[in-house]
Each structure stands twice: as C-alpha cells, then as structure tokens.
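Take a look at the structure set out below.
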Amino acid sequence: MTPPCRTLATPGTSAAAADLLFSEAGPFWLYATGHRLGDMRRLIRQYSRQPDTVFPTGDYHKGGSAYGDDVNLPLPIDEENNPNGGTCLDRNA
49 MTPPCRTLAT
59 PGTSAAAADL
69 LFSEAGPFWL
79 YATGHRLGDM
89 RRLIRQYSRQ
99 PDTVFPTGDY
109 HKGGSAYGDD
119 VNLPLPIDEE
129 NNPNGGTCLD
139 RNA
C-alpha cells in the first residue's frame, strides 16, 4: 500500500523556491552523500546568501567551543603529495 501523496505549495518568489529546493535536498534527497557542503557554498556564491545564514554560527553544542567561519574543508595532509591533486587553495565560498 502506498502512502497518500502530499501536494506542495508553489513558492511565489525565486528566493522562496531556492529555499524550498535546498531545504528538501539537504536532509531528504542527498543525506550522507557528500553533496551538502557544495550546496551550502552554492547558496553563498550563486544565490547571494550571507554565510552566517547558511552555515551554523554561535556556540557549538558539545564541549563549549564555537563554530568557525570557514565555508570549505582544508586539503588533507595525505593529499599534499598527490601529483594529480588540485592546487586550488581558495578558501572563499
């Protein structure tokens, strides 16, 4: 038996449509596939969102530390000697 379908309201603006797309894609469609960081950076770079509205800010819930301001991951040490690896160290979104 299939569950009943749910009709979604159509967003009225392009910003609302982007909000709906990225809010559905993150936790439901691409969970644990490694696409979320790229989506969050895309919101900053192509949709002109501010980093503090896309990435978590404030105190981290464990250990009493705070979130940083990076919007990407550093190159792992194991990859520094890879001749086929990229050399782009741009830390911007």
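Going by the working numbering, the letters in the sequence shown line up with residues 49 to 141, in that order.
Every residue gets a Cβ at the ideal spot worked out from N, C-alpha and C, and that includes glycine.
Note that the structure is a prediction, hence the values are computed from the model and not measured.
Straight-line Cα distance separating residue j from residue i
i: arginine 90; j: glycine 74; result: 13 Å
i: arginine 97; j: glycine 86; result: 14 Å
i: arginine 88; j: asparagine 130; result: What sits at residue 88 in the sequence shown is methionine, not arginine. Roughly 27 Å between the two C-alpha positions.
i: asparagine 132; j: threonine 58; result: 45 Å
i: glutamate 128; j: proline 104; result: 28 Å
i: glycine 111; j: arginine 93; result: 31 Å
i: aspartate 126; j: threonine 55; result: 48 Å
i: histidine 12; j: threonine 81; result: For residue 12 there is no data in the structure shown, the boundaries of the chain being 49 and 141.
Reference residue i; option with closest CA among the options
i: aspartate 100; options: Leu85, Asp117, Arg139 and Asp107; result: Asp117
Contact set for residue i: own chain, Cβ-Cβ below 7 Å, skip 5 residues either direction
i: glycine 106; result: Ala114 and Tyr115
i: proline 95; result: Per the sequence presented here, residue 95 reads as tyrosine, with proline not at that position. Within the same chain, tyrosine 95 has close Cβ partners Ala66.
i: phenylalanine 70; result: Asp87 and Leu91
i: valine 102; result: Met88, Leu91 and Ile92
Own chain residues within Cβ distance below 8 Å of residue i, not counting five before or after
i: arginine 84; result: Gly74 and Leu78
Residue(s) in a DSSP beta bridge with residue i
i: alanine 114; result: Asp107
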